[in-house]
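Protein chains in written order, with the UniProt record's numbering: chain A, 1 to 182; chain B, 1 to 182. Some notes on the structure that comes next.
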DNA sequence: GTCTATATGCCGATAGAC
DNA sequence: GTCTATCGGCATATAGAC
């Protein structure tokens, strides 16, 4: 499943063959089909792997007391993936975008759920900060992440991530509990 | 070329077959190959079509005197595509993201150029407004557009576009010529 | 220039030996 | 449970009639 998530991120779900994943996992092709009946199931496993990864990160951040600090750490984490983001885009965003272009299977809904997971967690932090417009702020923050990933990827420039993360960090630090001067 | 751009936007470049485009354009398959030697050339034509569309829009907006007004109209235009964005994402962003996952052909670079086109035009407007940080502001604005498109698409919710466009509109109206209180 | 028929190659999926 | 060989389908691309 790790190999599937990695290769699908790098090549996209459509262009990734079972043979690619099998090779990355050091097993022969037929073996893959023993555990996953179809390719769609394998892509679904890659999505689950993304969800698992985020839940792990969220659990770690939740150990911090201050919700604002949690968001700052989240944003800082994006910076750590700038090279991969500039090369392959956001794993969740690019996969969701690709799967949304085909109706079959309902895999698109599953990919959307991972983004929903992130969105809900971010909203909970803004809510804990006392912001009544937490949902909108969450869309803005996560949207900024998706946007900078698309641009960094399209222009092959990791520094776009650096600049945008810096801006978001300043924005988060200045955010007041009441939505007055937003 | 129009049919190619439309179908590629809806289905993605990878899943779109020559037959799909031929059907959408009401011509038989073999005919397509008379004008485009390979599928990559056809995808390239779809990219050119996107660039042409944007240049047309930019020329129209350039007739306005106030650069801030130009940006406001641009953002308002995004709202007009919210249904399509929620269903298929931003045409340029999704295509660039898909093509960036394969090295061959250099089509990814061409797709990046279309985004660069938009980015440069937006930067020119901020520059005309007297902002020394025009380049950063352009990345933020275009990034916000790409981000809201990804989210609206992944969650299948056009209203995300509505809310984010409203926020960007307010932001643009409050932006001062000098970067003091940004 | 327009269109049909077909060759070629690749990938998902399976059969079946071990 | 592991692995190899192969089938069947589909999409790009071409050959060639009109």
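Ideal placement from N, C-alpha and C gives every residue a C-beta, glycine not left out. The structure presented is a predicted model; accordingly, all values stated were derived computationally and were not measured.
Residue i (DSSP reduced to helix, strand or coil)
i, result
"residue 80/B", "helix"
"residue 25/A", "coil"
"residue 182/B", "A caution first: residue 182/B carries a pLDDT of 46, below 50, which makes its placement in the model unreliable, though a value can still be read off. Note: residue 182/B maps to coil in three-state DSSP."
"residue 156/B", "coil"
"residue 1/A", "coil"
"residue 16/B", "coil"
"residue 30/B", "helix"
"residue 132/B", "coil"
"residue 104/B", "helix"
"residue 74/B", "helix"
"residue 177/B", "coil"
"residue 140/A", "helix"
"residue 40/B", "helix"
"residue 64/B", "coil"
"residue 89/B", "coil"
"residue 8/A", "helix"
Chain-ordered neighbours of residue i on chain A, where CB pairs are closer than 9 Å
i, result
"residue 79/B", "The premise fails here: residue 79/B is roughly 15 Å from chain A at the closest Cβ pair, so nothing lies under 9 Å."
"residue 3/B", "Correct list: empty, because the minimum Cβ distance to chain A is about 17 Å."
"residue 106/B", "Simply none; closest approach about 12 Å."
"residue 164/B", "136, 139, 140 and 143"
Chain A residues whose Cβ lies nearer than 8 Å to that of residue i
i, result
"residue 82/B", "Within chain A, no residue comes near residue 82/B; the closest Cβ sits about 14 Å away, beyond 8 Å."
"residue 167/B", "136 and 140"
"residue 50/B", "Neighbours of residue 50/B on chain A: none; closest Cβ ~12 Å, over 8 Å."
"residue 44/B", "Under the 8 Å cutoff, chain A gives no residues; its nearest Cβ is about 16 Å from residue 44/B."
"residue 88/B", "100 and 101"
"residue 130/B", "Those do not exist, as residue 130/B stays about 19 Å from chain A at its closest Cβ, beyond 8 Å."
Chain-ordered chain B contacts of residue i [CB-CB under 7 Å]
i, result
"residue 260/A", "In the structure displayed, chain A extends from 1 to 182; residue 260/A sits before or after that span and is not available."
"residue 176/A", "Within chain B, no residue comes near residue 176/A; the closest Cβ sits about 14 Å away, beyond 7 Å."
"residue 183/A", "This structure does not reach residue 183/A, given that chain A is present from 1 up to 182, and the question cannot be answered."
"residue 11/A", "101"
"residue 53/A", "Neighbours of residue 53/A on chain B: none; closest Cβ ~17 Å, over 7 Å."
Whole-number beta carbon distance between residue j and residue i, since they are thought to touch under 8 Å
i, j, result
"residue 1/A", "residue 51/A", "Going by Cβ atoms, the distance from residue 1/A to residue 51/A rounds to 11 Å, so no, they are not a contact pair."
"residue 16/B", "residue 97/A", "15 Å between Cβ atoms; not a contact."
"residue 138/A", "residue 122/A", "4 Å"
"residue 165/B", "residue 79/B", "5 Å"
"residue 18/A", "residue 27/A", "Not really, about 11 Å apart at Cβ, beyond 8 Å."
"residue 179/A", "residue 133/A", "5 Å"
"residue 125/B", "residue 167/B", "The pair is not a contact, with the Cβ atoms about 18 Å apart (cut-off 8 Å)."
"residue 99/A", "residue 13/A", "7 Å"
"residue 112/A", "residue 146/B", "Between residue 146/B and residue 112/A the Cβ distance is about 17 Å, and since that is not below 8 Å, they are no contact."
"residue 39/A", "residue 11/B", "Their Cβ separation, rounded to whole angstroms, is 18 Å, which puts residue 39/A and residue 11/B out of contact at 8 Å."
Where residue i meets chain B, residues with beta-carbon distance less than 9 Å
i, result
"residue 173/A", "In chain order: nothing, as chain B lies at least about 14 Å away."
"residue 160/A", "139 and 143"
"residue 22/A", "Here the premise fails: no neighbours, minimum Cβ distance about 19 Å."
"residue 111/A", "154"
Proximal residues of chain B, C-beta to C-beta of residue i below 8 Å
i, result
"residue 151/A", "115, 119, 139, 142, 143 and 146"
"residue 47/A", "Going along chain B, no residue has its Cβ under 8 Å from residue 47/A, so there is no contact; the nearest lies around 12 Å."
"residue 62/A", "Under the 8 Å cutoff, chain B gives no residues; its nearest Cβ is about 23 Å from residue 62/A."
"residue 96/A", "150, 153 and 154"
"residue 134/A", "In chain order: nothing, as chain B lies at least about 13 Å away."
"residue 40/A", "Neighbours of residue 40/A on chain B: none; closest Cβ ~14 Å, over 8 Å."
"residue 15/A", "14, 101 and 102"
Exercise for the section: Would you check if the stretch 148 to 157 of chain B and the stretch 80 to 89 of chain B touch, i.e. whether three or more CB-CB distances between them fall below 8 Å? Expected result: Contact between the stretch 80 to 89 of chain B and the stretch 148 to 157 of chain B is present, with at least three C-beta pairs closer than 8 Å.
Practice task
Tell me, please, whether the stretch 31 to 44 of chain B touches the stretch 99 to 111 of chain B by the rule of three or more beta-carbon pairs shorter than 8 Å.
Solution key: Flag = yes, the stretch 31 to 44 of chain B and the stretch 99 to 111 of chain B touch.
Handout entry: the stretch 21 to 40 of chain B contacting the stretch 163 to 178 of chain A, beta-carbon criterion three pairs below 8 Å
Key = Because the criterion of three Cβ pairs below 8 Å is not met, the stretch 21 to 40 of chain B and the stretch 163 to 178 of chain A do not touch.
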